[in-house]
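Take a look at the structure set out below.
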Amino acid sequence: MLRGPDLWFADALDVGLAEPLELAAVAQALAGLPMLPTDCYLAVNVSPATACSPALAGLLAGTDLRRLVLEITEQQATADVATLLVMLAPLRAAGLRLAIDDAGVGYSGLQKILELRPDIIKLDRFFVTGIDADPSRRALAAALADFAGVMGAELVAEGVETEAELAAIALLGFAKVQGWLLGRPMTLAALAEGQ
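The UniProt record's numbering applies: residue 1 is where the sequence shown begins, and numbers increase by one.
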């Protein structure tokens, strides 16, 4: 059985190698950016600690940041939101968009969303799974959709795996979704080839 990326990154965190692994993953993803059509963007996930690293800013130098979304993951707490904002400010001014990944779980509370003012809020699949049959999940997603609209942030539903979930999400006004119903994970080369 293959190990998923979550396990690799969790193990790297446990042994103090999270930042080097994340930076290597970002570098690999950036190397593939020229393969994508110019109207596409690339989203890369990093922890709050890596987002605060000067090494990340160095890695992004020379990249058209308008084509990049930095997704802040929620597996670890953001120790210092003020530092994160300072480190990201010049990148955001150059066009980098910021996303909060897995909103609603981990350390992605509403306070963090308010403080970071992301361009994109990604509703975790925990809240999407079974949303078609669960009024509480629908109510929460609707409230988050309203909140995102007031903030001027895009809202993405993660983990859409059934037609019924997709229909429920669409009724709530989500313009963007991701999940296995719409496409399986694939290599960047396969995506660029239109596979």
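A virtual CB, placed ideally from N, CA and C, is assigned to each residue, including glycine.
About 6 Å separates the beta carbon of Lys-176 from that of Glu-154, a gap short enough to meet the 8 Å contact definition. The count of Cβ pairs closer than 8 Å, one atom from the stretch 109-119 and one from the stretch 165-179, stays below three, leaving the stretches out of contact.
In terms of Cα proximity to Thr-73, the closest of Asp-11, Lys-122, Cys-40, Met-35 is Lys-122. Between the alpha carbons of Leu-7 and Leu-181 lies a distance of about 23 Å.
Between Gly-179 and Gly-159 the beta-carbon gap is near 5 Å, inside 8 Å, which marks them as a contact. Looking at the DSSP output, Ile-100 shares a beta bridge with Ile-72, Ile-121. Residue nearest to Arg-67 within the set Ala-89, Thr-187, Tyr-41 is Tyr-41 (criterion: CA-CA distance). Residue environment: Val-150 is assigned as exposed (fewer than 16 neighbouring CB atoms within 10 Å of its CB, all protein chains considered). Under the DSSP definition of a beta bridge, Ala-157 partners with Leu-123, Val-177.
One alpha carbon belongs to Phe-126, the other to Val-46, and they sit about 20 Å apart. In the DSSP assignment, Leu-21 forms no beta bridge with any residue. Two segments are said to touch when three or more pairs of C-beta atoms, one from each, lie closer than 8 Å; by this definition the stretch 80-90 touches the stretch 50-60.
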